[in-house]
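Chains as they are written, first to last, in this note's numbering: chain A, 672 to 1017; chain E, 5 to 346. All residues carry an ideal CB built from backbone N, CA and C; glycine is no exception.
Here you go:
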């Protein structure tokens, strides 16, 4: 951890480094809040994060998606200055987290993966402690803490000990905790992990409301698909330390795809589909489904779902399954993350 | 934030950052205050207070009874008040208050430090804590400060209690010199506890499980207390075998033994306490060197003043401080280099 403040005369090497940093940051847009260029973190020979380029603009909600062990948490820790990058440049709210960690941490609220609280203290006391660590005077903190507890709907449990909290309550308290310092950036590491589906819905609704209310820029990481889909303006797919794709969801889903793929299933043998489907205008090919032998994959130049359904009905086949591929994260995930969902292979 | 803007903004930005960096100057104080409150409310504080309290007061009680019983013979005895701490009654096997303190103080030190860092980690609060605008060293400093504060509080309260009870039971008022010696002993004891506290903090950094850290800490304490006095001279004897026919070799062997013993903080503390609590003690240090031995012979049976006593064990005090600083620095450096993630 470096402390700033000593004026070091500029040597040739530091000048060259500064110039190269400047060139790395040359294309950064004016309103960028989080910037990473060629960001790399190595543990021995393993590159946990490998030449990451990332830009998050003000007011954006960016989802970092990838399996466990893909390097999401390492990236987040580098953004906060809690881990030093091996190489590359990071800027958060215009500051270098490695050199000015305190200034960055004053602006950034962080909900860690698997957040914990002091069990012997109440939820409110835990928030008070965070406020104190941020140098917020007690008089100003109390009303704000009340408001936050109300927002995350923990007012009833606020004066119970944190050790009695359920997982979902702890997660909500964690969000309140990250907001205590009135941050302009919120970094959430796996916010929906280990919460039941109803709880996830509630949490996402809460986040959506908070982002709108407090004018926040949000970076969130997740390995659970679909959950963050509705929240993110843009997503990035992380695999084995590399960002393999990034952009708005629709763009990723359709922009890269020239053709439309439909999964089709009927009662009876799937082979019956082949001839009927090929007769529909626009259909290029019909192939067996990769994983499900009862289904066929119809590849077409445009969305032929309606004429295909009509043609199958006309041929006396009753439809059991019809789905357009690539429209949800699961498909994208399969496309961009080769090691699969469990992320075992690194 | 285009490239030229970045370079021109840099000095201003870093100045702003530096100013901001200074603002919550007392990150460690906030942490220390919270930890202290935790300690004072904890079960372990109450248990240790009772255990150490009994261990300190019981010998004092019997000693004061013994002193009162033999009051006529003891008239005119110098530094009688210190006997309360430094003399044991036969009723409790001759064990003294200071011996009990020497035995239990490491326990207290370890007890308030063994889970300092690893419990934050296992609770999942460490990354949240470090994401706040505090320096990483504030965590270790705050924890150490809280530990030493609660230990100092506990020991001071007990010593004050013993002194007060002693005055009541003996009916004699301690002289300023005697009081000063008691205070010096108290400070030395807090220092010794500080060594064990920093050792425990080191363990809490290195060992991820709080229970394992506690076991290693208590194991070291027990091992050093029970076997240190035997094992260390044994090592010295093996390296420098004593030769009774050669005076030089014999002295070399003896001083090697002393040196090895003084690696142990227990021995250092023992030496300091013996000198502080026995004004007449000026040969307790053995034959550190020949000059010391001779001067000790010359001064025999005369009482030392407090500053002379302190001077006598100054090297031991410095060594104890150095050991504490060394262990704490090690904990500090290891913590700073540790990954936040488990």
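Applying a beta-carbon distance threshold of less than 8 Å, which residues of chain E neighbour residue 791 of chain A? What you label residue 791 of chain A is simply residue 120 of the first chain in a count that begins at 1. Correct list: 42 and 45.
Between residue 31 of chain E and residue 804 of chain A, which are expected to be in contact by the criterion C-beta below 8 Å, what is the C-beta distance as a whole number of angstroms? Position 27 of the second chain, counted from the start, is the residue given in the question as residue 31 of chain E. Position 133 of the first chain, counted from the start, is the residue given in the question as residue 804 of chain A. Confirmed, about 6 Å.
Are residue 945 of chain A and residue 967 of chain A closer than 8 Å when you measure CB to CB? Here residue 945 of chain A refers to the residue found at position 274 when the first chain is read from its first residue. Here residue 967 of chain A refers to the residue found at position 296 when the first chain is read from its first residue. For residue 945 of chain A and residue 967 of chain A, yes; Cβs fall inside 8 Å.
How many Å lie between residue 846 of chain A and residue 757 of chain A at the Cα? As a working note, residue 846 of chain A is residue 175 in the first chain. As a working note, residue 757 of chain A is residue 86 in the first chain. Taking the straight line joining both Cα atoms gives about 30 Å.
Under 8 Å, Cβ to Cβ, is there at least one residue of chain A near residue 339 of chain E? Here residue 339 of chain E is taken as the residue at index 335 of the second chain, counted from 1. It does not: the Cβ of residue 339 of chain E has no partner Cβ on chain A nearer than 8 Å.
Which same chain residues, not among the five before or five after residue 293 of chain E, have their C-beta less than 8 Å away from its C-beta? As a first step, residue 293 of chain E must be located in the second chain, where it is residue number 289. Because the pLDDT at residue 293 of chain E is just 45, under 50, the model does not fix this residue reliably, and the point stays unresolved.
DSSP three-state call for residue 109 of chain E: helix, strand or coil? Counting from one through the second chain, the residue named residue 109 of chain E turns up at place 105. Three-state result, residue 109 of chain E: helix.
Consider the Cβ of residue 48 of chain E: report whether some Cβ of chain A lies at a distance smaller than 8 Å. Along the second chain, one-based indexing puts residue 48 of chain E at 44. Answer no: the Cβ-Cβ gap between residue 48 of chain E and chain A never drops below 8 Å.
Roughly how many angstroms separate the alpha carbons of residue 964 of chain A and residue 996 of chain A, rounded to a whole number? Taking the first chain and counting its residues from 1, the one referred to as residue 964 of chain A is at position 293. Taking the first chain and counting its residues from 1, the one referred to as residue 996 of chain A is at position 325. Looking at the two C-alpha atoms, the distance is approximately 17 Å.
How is the alpha helix (DSSP H) around residue 61 of chain E delimited, first residue to last? Mapped onto the second chain, residue 61 of chain E falls at position 57. Unbroken alpha helix (DSSP H) run through residue 61 of chain E: 47-73.
For residue 761 of chain A, which option in A:884, A:703, A:898 and A:880 has the closest C-alpha, if you only look at C-alpha atoms? What you label residue 761 of chain A is simply residue 90 of the first chain in a count that begins at 1. Cα-wise, what sits closest to residue 761 of chain A is A:703.
Measuring straight from C-alpha to C-alpha, what distance separates residue 822 of chain A and residue 868 of chain A? Mapped onto the first chain, residue 822 of chain A falls at position 151. Mapped onto the first chain, residue 868 of chain A falls at position 197. If you take the alpha carbons of residue 822 of chain A and residue 868 of chain A, they lie about 20 Å apart.
Quick one: any contact between the region 888-906 of chain A and the region 842-860 of chain A, if contact means 3 or more CB pairs under 8 Å? yes
Can you pull the DSSP bridge partners for residue 800 of chain A? Position 129 of the first chain, counting from 1, holds the residue named residue 800 of chain A. Residue 800 of chain A is not bridged to any residue.
Measure from the alpha carbon of residue 934 of chain A to the alpha carbon of each residue in A:922, A:993, A:979 and A:983, then state which is nearest. As a working note, residue 934 of chain A is residue 263 in the first chain. Taking only the C-alpha atoms, the option nearest residue 934 of chain A is A:993.
Sub-8 Å separation of residue 270 of chain E and residue 232 of chain E beta-carbons: Residue mapping note: residue 270 of chain E aligns to position 266 of the second chain, counting from 1. Residue mapping note: residue 232 of chain E aligns to position 228 of the second chain, counting from 1. Going by C-beta atoms, residue 270 of chain E is nearer than 8 Å to residue 232 of chain E.
How would you list, in chain order, the residues of chain E whose beta-carbon sits under 8 Å from the beta-carbon of residue 783 of chain A? On the first chain, residue 783 of chain A is found 112 positions in, with the first residue counted as 1. Going along chain E in sequence order, the residues near residue 783 of chain A (Cβ under 8 Å) are 128, 131, 132 and 135.
Of the choices E:251, E:204 and E:75, whose alpha-carbon is the least far from that of residue 224 of chain E? Counting from one through the second chain, the residue named residue 224 of chain E turns up at place 220. Closest option to residue 224 of chain E, Cα to Cα, is E:204.
Note down the Cα distance separating residue 834 of chain A from residue 125 of chain E, rounded to an integer number of angstroms. Against the first chain, residue 834 of chain A aligns to sequence position 163. Against the second chain, residue 125 of chain E aligns to sequence position 121. Their Cα atoms are separated by approximately 16 Å.
Would you kindly check if the distance between the Cβ of residue 745 of chain A and the Cβ of residue 719 of chain A is under 8 Å? Locating residue 719 of chain A in the first chain gives position 48, where the first residue counts as 1. Locating residue 745 of chain A in the first chain gives position 74, where the first residue counts as 1. Yes.
Any idea what DSSP makes of residue 841 of chain A, helix, strand or coil? Along the first chain, read from residue 1 onward, the residue named residue 841 of chain A stands at position 170. Helix.
Under a three-way DSSP split, which group does residue 816 of chain A fall into? Counting from one through the first chain, the residue named residue 816 of chain A turns up at place 145. In the structure shown, residue 816 of chain A sits in a helix (DSSP, three-state: H, G or I).
Cross-strand partners of residue 936 of chain A (DSSP beta bridge): Taking the first residue of the first chain as 1, we reach residue 936 of chain A at position 265. DSSP lists A:966 and A:992 as partners of residue 936 of chain A.
On the DSSP bridge list, what partners appear for residue 905 of chain A? Walking along the first chain from the start, residue 905 of chain A turns up at place 234. A:733 and A:919.
So, with DSSP's three-state summary, where would you put residue 83 of chain E? Numbered from its first residue, the second chain carries residue 83 of chain E at position 79. Three-state DSSP puts residue 83 of chain E in coil, outside helix and strand.
So which residues of chain A does residue 147 of chain E contact, with C-beta pairs closer than 8 Å? Walking along the second chain from the start, residue 147 of chain E turns up at place 143. Simply none; closest approach about 13 Å.
Mind checking if residue 889 of chain A is an interface residue toward chain E, Cβ cutoff 8 Å exclusive? Translated into positions along the first chain, residue 889 of chain A becomes position 218. No, no contact with chain E.
Within 8 Å, do at least three Cβ pairs link the region 193-212 of chain E to the region 95-110 of chain E? yes
Can you list the residues of chain A that residue 343 of chain E reaches, using a CB-CB cut of under 9 Å? The residue given as residue 343 of chain E occupies position 339 in the second chain. Simply 714, 748, 753 and 754.
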